[in-house]
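Notes for the one structure printed next.
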Amino acid sequence: MTRSSKASTTTCRNRPSTWWAASTRPLTRPPRCEAKASRIPTPLAEASSHVPIKVEIVTPERLLISRDVDMVTLPGESGQMGVMGGHAPLITTLVTGEIILHANDDEQDFLFVNGGIAEVRPDVVTVLADNAEREDDIDIQRAEAARERAEASVAEAGGAGSAPPVHVAALRRSQVRLRVARRRRARPGMHTPDN
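Put into structure tokens, the structure is as follows:
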């Protein structure tokens with residue numbers, strides 16, 4: 000078997016590559032960007048100036064929240080995601096967790112969300128939630144009863160490793176609801192009937 004002197008190449012005309020021979024094309028570097036950095040708007044530069052971002056949280060029943068905040072923290076599939084004004088556009092799915100609305104450096108509001116999607120644009124975050132509740136709307140006694148029922152069903156099935164996913168999801172949901180509700184009680188200056 001003899002090899003020809005020409006190397007085989009791929010069909011991409013912009014970036015031909017060889018299969019067995021070194022490339023004969025000269026190595027070129029991209030031209031340097033001479034623009035001044037201060038004239039190029041970037042999402043990071045806009046976010047660092049505390050541009051408020053509007054947050055809209057919508058459930059199938061109603062518009063739950065529509066207001067401006069400094070930052071919103073969302074429970075994404077790959078972890079918590081913080082979004083500030085000027086963020087790059089994206090769409091992401093949400094998991095069971097808590098949404099945190101940050102305003103005025105020290106003011107925070109907490110919401111429970113049970114799945115959904117979030118659309119992020121530089122000036123607005125729209126959350127289409129399967130189910131969402133404000134911290135004030137969660138009844139702690141009912142949430143604790145739901146957690147106890149979920150724990151019993153998971154234990155009855157032999158633990159979290161062998162329980163059906165629906166039981167494990169119910170346990171996770173009840174734990175997050177309780178955590179969000181208890182944040183309300185832990186705030187200084189908050190007076191609830193339980194205090």
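Residue numbers for the sequence shown follow numbering that gives the first Met the number 0, beginning at 0 and rising by one. For each residue, glycine too, the CB sits at the ideal point set by N, CA and C. Note that the coordinates shown come from a computational prediction; the quantities given were computed from them, not determined experimentally.
Query                                                                                                                                                        : Result
Buried or exposed for Ser47, please, with buried defined as at least 16 other CB atoms from any protein chain shown within 10 angstroms of its CB.           : At Ser47, the pLDDT of 48 sits below 50, so the modelled position is not reliable and the matter cannot be decided from this model.
Does DSSP classify Asp69 as helix, strand or coil?                                                                                                           : coil
From Thr17 to Ala149, what distance separates their C-alpha atoms?                                                                                           : Its pLDDT being 45, under 50, Thr17 is placed unreliably in this model, and the value from its coordinates should be taken loosely. In a straight line, the C-alpha of Thr17 is about 60 Å away from that of Ala149.
Within the 9 Å Cβ cut-off, does Glu147 reach chain D?                                                                                                        : No chain D is part of this structure, which consists of one protein chain only.
Ile139 to Leu89, Cα distance in whole Å?                                                                                                                     : 34 Å
So, with DSSP's three-state summary, where would you put Pro59?                                                                                              : coil
Does the distance from the CB of Leu63 to the CB of Arg176 come in under 9 Å?                                                                                : no
Using C-beta distances below 6 Å, list every residue in its chain close to Lys53, excluding the 5 sequence neighbours before and after it, in chain order.   : Asp67 and Val123
How many Å lie between Thr58 and Asn130 at the Cα?                                                                                                           : 6 Å
Which residue spans inside the stretch 94 to 182 form an unbroken alpha helix (DSSP H) run of at least 4?                                                    : 139 to 155
May I ask which residues mark the beginning and end of the beta strand (DSSP E) holding Val82?                                                               : Gly78 to Met83
Cutting at 6 Å between CB atoms, please list the residues of its own chain near Ala195, excluding the five before and the five after it.                     : Residue 195 lies beyond the residue range present for the chain, which begins at 0 and ends at 194; the question has no answer from this structure.
Going by DSSP in three states, Pro51 sits in which element: helix, strand or coil?                                                                           : coil
So, is Val165 buried or exposed, given that buried needs 16 or more other C-beta atoms within 10 angstroms?                                                  : exposed
Take Thr91 and list the residues in its own chain whose beta-carbon comes closer than 6 Å to its own, dropping the five residues that flank it on each side. : Gly75 and Ala117
Residues in its own chain within less than 8 Å of Ala159 by CB, not counting five upstream and five downstream?                                              : Val153, Val167 and Leu170
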